[in-house]
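So the protein sequences, as listed, match chains A and B.
Numbering follows the working numbering, with no gaps: position 12 of the first sequence is 12.
Numbering follows the working numbering, with no gaps: position 32 of the second sequence is 1032.
By construction, the Cβ of each residue, glycine as well, lies at the ideal position given by its N, Cα and C atoms.
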Amino acid sequence: MTRLGLTGGEAIAYAFKQIGVDVFSMYPITPQTPIIESFSRFVANGEVDTEVIRTESEHSALSATIGACASGARSVTATSSQGLLYMFEMLSVASGLRLPIVMPVANRAISAPINIHCDHSDSMSALDQGWMQVYCENAQEAYEMTIFSQKLSEKCYLPIMVCIDGFFTSHNLIPVTVFEDKKVKDFVGEFKPAYNLLDTDKPITVGALALPDTYFEIRKEMFDAFLEVKSNYLSVAKDFKKSFGKEINFYEDYFSSQSETVLVVLSSTAQNAKNVVDKLRSQKKDVGLLRPILYRPFLYEEYIKPLSKAKNIIVLERSEGPGSFSPVYKDIVLTIFNHSTTKEKPNIYSHVFGLGGREISEKEIEELLLSVLNKKPIKKRYIGIKE
Amino acid sequence: MLINMNIKELAKRIDEKNTMVFGHRTCAGCPIAIICRTVTSASDKPVVCSSATSCAEVTTTIYPQTSWNIPWIHSVFANSAATISGIETAYKAQKKKGKIKKDINFLVIAGDGGCYIPKTKILTTNGFKNVEDLTAKDIVWSVNPNNLNLETSEIIKMHKYDYKDKIVKVNHNWVHFDVTLEHNVPVYNKFNKKVEVIKAKQLLNYGRSDKINIICGDLNWVGKTEKYFVLPTINYSKGHNREPLSKIPIDVWVEFLGYWLSEGHLSIKSKTRNVYSTFISQTKKSGIDKIKSCLLKLPLNHWYSQDRFIISNQQLWTYLKQFGKAKDKFIPSEIKNLPKKQLQTLFDALILGDGTIVNYKDCKAYRFTTISKQLKDDFIEVSLKLGYRTHLDSRTRKNRPEYTVIAYDYKPTTLANLRKSHITSYNYNGKIYCPELRKNHILIIEKDGRISLNMNSFDIGLQALSGALERGHDFVFLCYDNEGYMNTGNQRSSATPKGASTTTTPSGSSSFGKMEFSKDLVKIAMAHNVPYVAQANTHNLIDLYNKAQKAFSKKGPAVIVVFAACPTNMKAPSEQTIAISKLATESNFWPLYEYEDGKLTINYKPEKRIAIEEFLKTQTKFKEVLKPKNKEILKSIQEEVDKRFNDLLKLEKL
């Protein structure tokens, strides 16, 4: 077992190096840049034989990735914030062409006003483009989920975003346990593309025009692929356990299934929240934490178990749905509304925090939980906002 | 090479390539299909195409039908250049990893009697030579059709002709050659087990495929038996009071030479001390054992140190000195002419040193890698004599050529069974070459093939285009300029000329149409310093074809912008497309020119350029600007056209 001091960005680049991706198409944007910088160093030192395309924009970066992946190469790119929004047009093309592209997203606020720090508004605005999404807690998980996602994506023929918190995870150096190169190579195996544009003996047309008589069915095929993700995820997780001895779940259940009050939160904030949960549980308070990892597709029926005892669910999110609600809250409400069989429905609270990288303290999380435990829930929707 | 041909010949050639088939839904009078077909046909290698969202895309790929007979991809409007950079990079990545095998060289046996186009390589006793470089002094390897024995044959005479007719092209995984119609092709008849000779033109219209088998291996060889090898004697330097070496049994010598050619080197001659050491590097246990048992049979002392065997002997050293460094090594002809038994020993020894053996289900592939051009040719000769089917893969590593010869002993057959798809033809106008042999008349030739990329769009893709040009991807960018956003129904674009009425710049009581001159995409492309940029027009397809051919042949990015007279945009009758295109060039509105490796050439200069009015009045979109009240506007258009052409004349003189 090797332990290396890596930032989240470096950990992802390290995973791509071990996978041995064929093509890396890149355009810099903070805070994703450490990923492509680390990878570029691997290239400069001859540690990988990946072909790198340094494009002139994110739009071209994903376009080139699409072209490369359609040509039978294992192809990746990475982005953040406005870069992801600049790619937006290409997102649905990647999923529509059923290309297994792995794209790390270092989550960052979106303009205006411009801000380079962490929140989830970028990837949350791309929820419905036919991409799978996983959210990672730290560099260790980012490393593992990158390797896991490569295989999952190629099994489902769907692209996937591996989301990490900008700066909090992307730039924070922690000890990361890395797997053996060979084991990673064996785990991901050879890339078996569904089609290959470069097969000039069997010319194919990719990206044809579909009129009203055919479009609906072609799109449905992609939607249906999402129904297969659950079983594919389980099977890849089984392989992952076999190869590396580690469990990969749909979510992290931190005392959630045995608690009456559950805090739902994504990514790195869970680390602080877990400290609060520990503190409150040591005071015999009945609280737990639920951290979704696979967020697209959202496996509604899977969330019944970790919420089976919950009477209060607090959904704390780093993104807002102006004029509506935040995305995770809506998904939790749908879970309870459609799948819960208990007569008494739990209270579900929605709170937004930390936009533009504003930090949340453990004290604030504790106050939030205590207010619910004391049956005087905080009315304020935005945590940490200046009055 | 530029082709001089008439339009009928071109049409035939395009039909033969058939890169884009009928059934597309372009408007009546639309030149897009003509342009696409002409350009994609100009590549002699497979073409992969990326298209922007455009008229060409929506009219040719309506699911579930497609007009494209070549790999084709579309993703969105602005990114076709970025898409192709991904595709081209994926190609490089997979080529590097050996996942794509195209662009390797093919080794094959075909006949003389007809003629070869230049760059076809012929195996002589001194290795491969381009057919155009052969002379009557060369001795080539030929094959006896009766027993498939390899035999040398003199060239009696070299014939060189001008040829203007079809060339038959055979492109099979194992076989690649381009020959004239009357060329004799030896084929193997499986039923009577005899070599038969057919004319290349017969390949074009044969019916049964089982008959056309090209011989790629299983040749016979009878060598010249030798019992011993005698090292040339030398004058020993002082202090080396040695008996001259006696005769060495040929089997032992051949094995030793194999090890030394692949893994050996010599000590460097020193001025102060006479050291005559011969080294053979080897670290693998099995290899060490084999080499050791061979060296024990030599009448010489040796020892093994660290990673190499060392033999100290001046006579041996002096003989081996002639083989030079790794890039100069070769197999002496007296060794190559030994019988099969010794050649097999040599072959095995070479493979042990610089080779690998890959086991397939039905065959073993022996891969031998060297940086010596001559050793490569010699190894091919030895492999052929041993009956292997042989491939050559050339590449550049660390700025020097490296060759990998792969010898297959594929059990089922060494015959290449040709199917219809392997055989095509094209028109050719140029020199052809033919060596006339004293006997046998069957030669050994080698020819290569490779992939290239192509595509098509003006405005919002410019950034992606600029990026791809700057990065230097190897691709051709084809832009058909139909002077507006026609796919969405004729809105103004940056390619729309001044004075044109479009749906977003309609002419009215206070407007004559678009106010600005069009953007000069060709000059923008030129500013990227790419190897080739050209402007062409639909009325001169031969010029377009030739430009496309040049574009494909360039290493790096190339851009072709073609005037596409769109009847919907021009608001002109659909049968006028070509006539209007011609006026565009005759008025100098759309000059034909190219920018090749930094030099600009105007391909056509009208004797007397016609007034711009003549061109504009053919199109209703310019109706407003032609009204007397807009006289000044018309004048400014004429001035701009003349200025742009004069600028070209100045650039041409640079």
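Using the C-alpha atoms, what's the distance from residue j back to residue i?
{"i": "A/Ser308", "j": "A/Gly5", "result": "39 Å"}
{"i": "B/Asn1482", "j": "B/Ala1495", "result": "8 Å"}
{"i": "B/Tyr1063", "j": "A/Leu209", "result": "6 Å"}
{"i": "A/Gly357", "j": "A/Ile218", "result": "40 Å"}
{"i": "A/Ile248", "j": "A/Lys241", "result": "8 Å"}
{"i": "B/Ile1444", "j": "B/Asn1529", "result": "42 Å"}
{"i": "A/Ala11", "j": "B/Pro1118", "result": "54 Å"}
{"i": "A/Thr23", "j": "B/Arg1471", "result": "Sequence inspection shows Val at residue 23 of chain A; the Thr mentioned does not correspond to that position. Computed Cα separation, rounded: 15 Å."}
{"i": "A/Val265", "j": "A/Leu290", "result": "7 Å"}
{"i": "B/Ser1518", "j": "B/Phe1475", "result": "25 Å"}
{"i": "A/Gly384", "j": "A/Glu301", "result": "33 Å"}
{"i": "B/Gly1484", "j": "A/Ala70", "result": "30 Å"}
{"i": "B/Val1108", "j": "A/Leu197", "result": "Summary for B/Val1108: the model assigns pLDDT 17, below 50, so the residue's position carries little reliability; its value from the coordinates is reported in the next sentence. When rounded, the distance between both Cα atoms is 28 Å."}
{"i": "B/Glu1151", "j": "A/Val93", "result": "60 Å"}
{"i": "A/Phe149", "j": "A/Val102", "result": "Reading off the sequence, residue 149 of chain A comes out as Ser, not Phe. So the alpha carbons of these two residues sit roughly 7 Å apart."}
{"i": "B/Trp1221", "j": "B/Phe1379", "result": "15 Å"}
{"i": "B/Leu1437", "j": "B/Thr1135", "result": "11 Å"}
{"i": "A/Arg281", "j": "A/Leu211", "result": "59 Å"}
{"i": "B/Val1561", "j": "A/Pro203", "result": "26 Å"}
{"i": "B/Leu1453", "j": "A/Ile19", "result": "Since pLDDT at B/Leu1453 reaches only 23, below the 50 mark, its modelled position is unreliable, and no value is offered."}
{"i": "A/Glu58", "j": "A/Ser25", "result": "9 Å"}
{"i": "B/Thr1061", "j": "B/Val1021", "result": "11 Å"}
{"i": "B/Lys1017", "j": "B/Lys1623", "result": "41 Å"}
How close, in whole Å, do the beta carbons of residue i and residue j come, if the pair is a contact with beta carbons under 8 Å?
{"i": "B/Leu1583", "j": "B/Tyr1593", "result": "Not a contact, Cβ separation roughly 17 Å."}
{"i": "B/Asp1307", "j": "B/Thr1345", "result": "Actually they are not in contact, since the Cβ atoms of B/Asp1307 and B/Thr1345 sit about 24 Å apart, beyond 8 Å."}
{"i": "B/Ile1167", "j": "B/Tyr1426", "result": "6 Å"}
{"i": "A/Thr2", "j": "A/Val178", "result": "5 Å"}
{"i": "A/Cys156", "j": "A/Val229", "result": "6 Å"}
{"i": "A/Asp122", "j": "A/Ser267", "result": "Contact doesn't hold; Cβ gap of about 13 Å is too wide."}
{"i": "B/Thr1124", "j": "B/Asp1138", "result": "5 Å"}
{"i": "B/Val1407", "j": "B/Ile1371", "result": "According to the sequence displayed, residue 1407 of chain B carries Ala and not Val. Actually they are not in contact, since the Cβ atoms of B/Ala1407 and B/Ile1371 sit about 18 Å apart, beyond 8 Å."}
{"i": "B/Leu1350", "j": "B/Phe1368", "result": "6 Å"}
What does residue i reach in chain B if we use C-beta pairs closer than 8 Å?
{"i": "A/Pro203", "result": "Trp1068, Asn1069, Ile1070, Pro1071, Trp1072"}
{"i": "A/Asp22", "result": "Ala1090, Ala1093, Gln1094, Lys1097"}
{"i": "A/Ser153", "result": "Correct list: empty, because the minimum Cβ distance to chain B is about 17 Å."}
{"i": "A/Ser40", "result": "What A/Ser40 touches in chain B: nothing, since even the nearest Cβ is about 15 Å away."}
Under 8 Å Cβ-Cβ, which residues of chain A neighbour residue i?
{"i": "B/Gly1467", "result": "Thr55, Glu56, Ser57, Ser60"}
{"i": "B/Asn1079", "result": "His59, Ser60, Ser63, Met90"}
{"i": "B/Ala1416", "result": "The contacting residues do not exist; B/Ala1416 stays about 15 Å from chain A at best."}
At 7 Å on the CB atoms, spell out the chain B contacts of residue i, in chain order.
{"i": "A/Ile66", "result": "Ser1075, Thr1083, Gly1086"}
{"i": "A/Val93", "result": "Ser1075, Val1076"}
Which chain A residues are close to residue i, counting only those with a beta carbon under 9 Å from its beta carbon?
{"i": "B/Ala1056", "result": "The contacting residues do not exist; B/Ala1056 stays about 11 Å from chain A at best."}
{"i": "B/Pro1435", "result": "None at all; the shortest Cβ gap to chain A is about 33 Å."}
{"i": "B/Arg968", "result": "Examination of residue 968 of chain B is not possible in this model, given that chain B is present from 1001 through 1654 alone."}
What residues from chain B crowd round residue i, counting only those whose CB sits closer than 9 Å?
{"i": "A/Gly323", "result": "Those within 9 Å of A/Gly323 in chain B number zero; the least Cβ separation is about 29 Å."}
{"i": "A/Met124", "result": "Neighbours of A/Met124 on chain B: none; closest Cβ ~23 Å, over 9 Å."}
{"i": "A/Asp49", "result": "Ala1093, Lys1096, Lys1097"}
{"i": "A/Thr200", "result": "Lys1045, Pro1046, Val1047, Val1048, Ile1070, Pro1071, Lys1102, Ile1451"}
{"i": "A/Ala70", "result": "Ile1073, Ser1075, Thr1083, Gly1086, Ile1087, Ala1090"}
Counting only Cβ pairs nearer than 9 Å, list the residues of chain C close to residue i.
{"i": "A/Leu85", "result": "Looking for chain C here will not work: the only protein chains present are A and B."}
Which residues in chain A sit within 7 Å of residue i, going by Cβ to Cβ distance?
{"i": "B/Thr1061", "result": "Thr205, Ala208, Leu209"}
Let me know the beta strand (DSSP E) ranges lying completely inside the stretch 136-210 of chain A, each 3 residues or longer, listed in chain order.
160-165, 174-178
Which runs of the beta strand (DSSP E), 3 residues or longer, sit entirely within the stretch 223-294 of chain A?
251-254, 261-264, 287-292
In chain order, what residues of the stretch 1557-1584 of chain B put their CB closer than 9 Å to some CB of chain A?
Answer in chain order: no residues at all.
Return the chain-ordered ranges of every alpha helix (DSSP H) run that is complete within the stretch 308-382 of chain A and spans a minimum of 4 residues.
327-339, 362-373
In chain order, what are the residue ranges of uninterrupted beta strand (DSSP E) at least 3 long that sit wholly in the stretch 1123-1206 of chain B?
1127-1130, 1139-1143, 1150-1171, 1176-1180, 1184-1189, 1194-1199
The stretch 1518-1536 of chain B: positions lying closer than 8 Å to chain A by Cβ:
none
Report the residue ranges of all beta strand (DSSP E) runs contained in full by the stretch 1011-1083 of chain B; include only those spanning at least 3 residues, in chain order.
DSSP assignment within the stretch 1011-1083 of chain B yields the following whole beta strand (DSSP E) runs of 3 residues or more, N-terminal first: 1047-1051, 1072-1074.
According to a CB-to-CB cut-off of less than 7 Å, which residues of the stretch 205-225 of chain A neighbour chain B?
Thr205, Val206, Gly207, Ala208, Leu209, Ala210, Leu211, Thr214
Near-chain A residues of the stretch 1009-1032 of chain B (beta-carbon distance less than 7 Å), N- to C-terminal order:
none
Mind checking the stretch 152-180 of chain A against chain B and listing, in chain order, the residues whose C-beta falls within less than 7 Å of any C-beta there?
Those would be none; no residue qualifies.
Which residue spans inside the stretch 1590-1633 of chain B form an unbroken alpha helix (DSSP H) run of at least 4?
1612-1616
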